[in-house]
Amino acid sequence: EEERAMREVVRRAEAAKRESDLATERWKCRAEVVEAKCEGLKEEIARCAIKLKEEREIARAHEEEAHKAKTLAVSLGARVSGLEQGLQDALDLEKIFNASSSQLASEEDPEIA
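Encoded structure:
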């Protein structure tokens with residue numbers, strides 16, 4: 362009876378050991394799957410980081426171009442304003458010249474007036 366009980370204990374211990382080994386193997390497989398997924402995620406993160414860096418460089422270049430364009434627009438605006446003022450001054454001088462010419466002509470020849 363004691364020997365039979367001992368064999369039962371040994372049988373149960375061996376069964377528990379097999380089940381433990383199977384569970385350990387399953388966890389190892391799961392760990393490998395998780396590691397593979399992590400590795401894939403690390404690679405994806407690295408690709409995203411590179412893409413983000415490239416996008417930032419492009420955005421920085423666009424900001425620089427926008428700043429240059431704004432500076433040029435301000436400069437051109439100032440030039441146009443100067444040209445408009447020069448044109449207005451020329452028109453004012455033309456009026457003065459015409460008025461003076463008309464006055465001189467009327468003083469020289471009263472019939473022209």
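457 is the number that the working numbering gives to position 96 of the sequence shown; each next residue is one higher, with no gaps.
The beta-carbon is built from N, C-alpha and C at its ideal position, and this holds for glycine as well.
Predicted, not measured: the structure shown is a model, and the values here were computed from it.
First and last residue of the alpha helix (DSSP H) that includes GLU455? Numbered from its first residue, the sequence shown carries residue 455 at position 94. Looking at the DSSP string, the run of the alpha helix (DSSP H) that includes GLU455 is 363 to 469.
Give me the Cα-Cα distance between VAL371 and CYS399, rounded to the nearest whole angstrom. What you label residue 371 is simply residue 10 of the sequence shown in a count that begins at 1. What you label residue 399 is simply residue 38 of the sequence shown in a count that begins at 1. Roughly 41 angstroms separates the two Cα atoms.
Output the distance between the C-alpha atoms of GLU469 and ALA460, rounded to the nearest integer angstrom. As a first step, residue 469 is located in the sequence shown; it is residue number 108 there, counting from the start. As a first step, residue 460 is located in the sequence shown; it is residue number 99 there, counting from the start. Distance from the CA atom of GLU469 to the CA atom of ALA460, rounded to whole angstroms, is 14 angstroms.
Length of the line joining the Cα atoms of ARG440 and HIS428: Looking up residue 440 in the sequence shown gives position 79. Looking up residue 428 in the sequence shown gives position 67. Each residue's alpha carbon lies about 18 angstroms from the other.
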